[in-house]
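Take a look at the structure set out below.
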Amino acid sequence: MTTPHRLLARAEAQVHQNLFTMTNKAHQSVEQAMEALKTQNAELAQTVVNEDLQQNHLMRIVEKECLQILATLEPKAGDLREVVASLQISTELERISDHAKDIANIVLGMDPSDFSGPMDRLAAMGDLCQTMLVQVMEAYENLDVKLAEHVALHDQRVDELDEEASSSLMMTLMNSADTSMHCTHLLWIAYHLERIGDRITNIAERVTFMVTAETPELG
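Each residue of the sequence shown is one higher than the one before, counting from 2 in this note's numbering.
The following block contains the structure:
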């Protein structure tokens, strides 16, 4: 006979599996969006846009699974925190993919012959966000609060890079007309990368809540 505890464990394992599928898709979307920016590859950018629907679908599945657990299995204490945190993490992962899609859409509207601006800082932001995403989900899987806190600290560097890139772009805008919207496009890309860092920090906070029952502000 299958006990309620085993049913809960199976249901939680399915949620975990879908969350890591979402993580892989979010990571791939950010990676591809930044590669499309670097190479001005419109086809790759369009791929990021097209595949976002899959992430939306996965989020709905995780939402349904979590709500079913809450409604039928009545998790207690730590299990309840895990379900609630997983539900919130799925939303953050979907939003990360949305930001990647927005970057890809911006790339589609850019002049493919113009590679000016603080591309190195934007690339560094993208790389750091990808590393943070992998690490924060490792923290989730292993219930590792210290790793979650470590990931959140990296968001400060994302913010610094955003400030450096934005300051450079604003200076360019002050000195010359942005007739091709190139600087404006890069400003928006910097914004979306900064928001991805924030979303990952939110996940780190959810991991800490799941383990400790406390809601810290890590950002």
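Note that beta-carbon positions come from the ideal geometry of N, C-alpha and C, so glycine has one too.
Because the structure is a prediction, the values reported are computed rather than measured.
Put simply, the stretch 76-90 does not touch the stretch 117-134. Fewer than three CB pairs are less than 8 Å apart. Apart from the 5 residues on each side of it in sequence, M126 sits with its Cβ closer than 8 Å to the Cβ of V159, L162, D163, A166, A191, L194, E195 and G198 in its chain, given in chain order. Counting along the chain, I70 sits inside no alpha helix (DSSP H), nor does DSSP assign it H or E at all. Under the three-state reduction of DSSP output, Q136 falls in the helix class.
In the structure shown, the three-state DSSP call for E215 is coil. Taking 8 Å as the cut-off, the Cβ atoms of S98 and A37 do not count as close. Nearest C-alpha to V152 among S177, L134 and L144: L134. Our two residues, T48 and M35, have alpha carbons roughly 12 Å apart in a direct line. Three or more Cβ pairs drawn from the stretch 209-217 and the stretch 140-148 lie within less than 8 Å of each other, which places the two stretches in contact. Burial is judged here by how many other beta carbons sit within 10 angstroms of a residue's own beta carbon; E44 has fewer than 16 and is exposed. For T173, the enclosing alpha helix (DSSP H) stretches over residues V146 to N176. Within the model, the alpha-carbon separation for L123 versus F116 is close to 12 Å. In the structure shown, K77 adopts coil according to DSSP, grouped into three states. Contact annotation, L94 with M23: C-beta distance approximately 4 Å; criterion of less than 8 Å satisfied.
In the three-state reduction of the DSSP assignment, G198 falls in the helix class, which pools H, G and I. A check of alpha carbon separations from A101 across L74, T209 and R200 identifies R200 as the nearest. Distance from the Cα of A205 is smallest, within the candidate group Q33, E142, A105 and E13, for E142.
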